[in-house]
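Every position in the sequence shown, counted from 1, becomes a number in this note's numbering once 877 is added. C-beta atoms are modelled at their ideal positions from N, C-alpha and C, and glycine is treated no differently. Just so you know, these numbers come straight off a predicted model, no measurement behind them.
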Amino acid sequence: MKWQWCLLLTILATLPVGANPTYVIGVQNFSQYYPYSSYANRNYSGFNRELLDMFAKTQNYRFIYKPLPLKRLYHRFVDGAVDFKYPDSPKWSPEIKRKSKIFYSEPVVNYIDGVMVIDDNYGKSLNRLKYLGVVAGFTPYPYQSRISAGQIQVDESYKYDSLLMKVVSGRVDGGYANVAVAQFYLEQMGFQKGSVRFDDTLPHSKGTRHLSTIKYPEVIAEFNRFLVDNKEDIEALKARYGLE
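Structure representation (structure tokens):
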């Protein structure tokens, strides 16, 4: 795999003058992260891909998507092995990014990360939450102090459908997840609407997703203009994917 990556960089370096500028976008390699993204059979798809392709087309850029495991993605980003990271947020992994000057775009979409529970457990006390399911690679920031104190045990899953089945079966008291992603896979799995729901009475995290770079702040400025100039088309794309 390493030789393929070196070959790609060699090809990029030998592109003729005047060729469309080419950038490497570091992305998450999750197979189940719709409606945002999915990486399966070497194909990266979903809202993220469509949005970035739309931007690339307006600027005559060529984007190469480099899917990586989440923690490795952050390190490759700060090491300069990828030109951009999407999605990103100033809140995410500050311990890895603390020595880098990172440029973030204006917000692209809003997100909520929180605990999914079966309907009967909605609104119950935080003290009831003893076993918390998470997708491997994600950090349930609002619960870190309780996890460190041994009050909550973490149970990792590698896919959203596995996490949600643990919630439904009672193997965990709740599953910490991106709410839009959890709702998408609950529908795909055929669960009745409301049988598993986001418990907004428990600690949760809200924020926005951004495009980020260390090397190309001028492209971030172009992306910000793109968000304004193409607002109607972007809102239509969000609506198609059920995002805000």
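| query | result |
| --- | --- |
| Name the DSSP beta bridge partners of E1033, please? | V1011 |
| For P944, list the residues DSSP reports as bridge partners. | V904 |
| Taking the alpha carbon of Y951 as the point to measure from, which residue in A1026, L1006, K968, T1078 has its own alpha carbon closest? | K968 |
| Using the beta-carbon count (16 or more within 10 Å), is D1077 buried or exposed? | exposed |
| Which residues in the same chain as Y942 place their Cβ atom closer than 6 Å to its Cβ, once the five residues preceding and following it in sequence are excluded? | I902, V904, Y921 |
| Going by CA-CA distance only, name the one from Y1062, L1104, E1095 that's closest to R1086. | L1104 |
| Let me know the secondary structure DSSP gives K974 once reduced to three states. | helix |
| Buried or exposed: which applies to T1090, given that a residue is buried once 16 or more other Cβ atoms fall within 10 Å of its Cβ? | buried |
| Keeping to the same chain, check which residues put their C-beta closer than 7 Å to that of R1117; ignore five residues upstream and five downstream. | none |
| Does DSSP classify V994 as helix, strand or coil? | strand |
| Work out the CA separation of Q936 and G957 for me, nearest whole Å. | 22 Å |
| With the cut-off set at 8 Å, would you say V985 and L947 are in Cβ contact? | no |
| Am I right that G1010 and S1034 are in contact with their C-beta atoms under 8 Å? What's the rounded C-beta distance? | 6 Å |
| Taking just the CA atoms, how far does A1054 sit from S1082? | 10 Å |
| Below 7 Å CB to CB, which residues in the same chain sit around D1038 once its five sequence neighbours on both sides are set aside? | Q909, Y1062, M1066 |
| Under 6 Å Cβ to Cβ from V992, same chain only, skipping five residues before and after it: list those, please. | G1051, Y1053, D1076, L1079 |
| Between K1036 and R939, what straight-line distance do the alpha-carbon atoms span, to the nearest angstrom? | 30 Å |
| In whole angstroms, give me the CA-to-CA distance for Q1030 and E1109. | 44 Å |
| Going by other Cβ atoms of all chains shown within 10 Å of its Cβ, with 16 needed for buried, is E1121 buried or exposed? | exposed |
| Could you check the C-alpha separation between K1043 and V1049 for me, to the nearest Å? | 6 Å |
| Just verifying my parser: in three-state terms, what is the DSSP assignment at V1073? | strand |
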